[in-house]
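Positions 1 to 84 (our numbering) are the ones given, in order, by the sequence shown. Think of the CB as a built atom: it goes at the ideal place given N, C-alpha and C, for glycine as much as any other residue.
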Amino acid sequence: MQRCVLGGAGSALRTFRCSASVSARMFRYDAFADRHIGPSRLEKQQMLDFVGFATLDKLTNSNVPNQIKLEKELDLPQAADEYS
């Protein structure tokens with residue numbers, strides 16, 4: 001038996017005992033990279049499809065009030081990266 005984590009929209013995560021065949025089909029929360037790199041391009045599109053938007057910009061534009069939107073580019077210096 002292995003310990004597995006089960007969760008879903010609107011549910012708290014809970015731990016329970018399960019067989020190896022069940023745990024093989026469940027998302028494992030044991031890899032640092034999986035928790036911190038973020039969703040892939042496909043995962044982002046699947047999330048957008050689920051909520052009914054083609055792009056993140058369309059999702060944001062439909063949910064952020066016009067009164068607080070900044071309609072110009074920010075005047076920021078170029079971002080530094082790990083190679084600079």
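Is residue i helix, strand or coil when you go by DSSP?
i   : result
K69 : coil
F53 : coil
S40 : coil
Q46 : helix
L59 : helix
May I have the straight-line CA-CA distance separating residue i from residue j, to the nearest angstrom?
i   : j   : result
R3  : L70 : Confidence at R3 is low in this model, with a pLDDT of 48, below 50, so the placement of that residue should be treated as unreliable; the coordinate-derived value is given next. In a straight line, the C-alpha of R3 is about 47 angstroms away from that of L70.
Q45 : V51 : 10 angstroms
M47 : P77 : 32 angstroms
N66 : A54 : 20 angstroms
Exposed or buried, what is residue i when buried is set at 16 or more other beta-carbons lying within 10 Å of its beta-carbon?
i   : result
P39 : exposed
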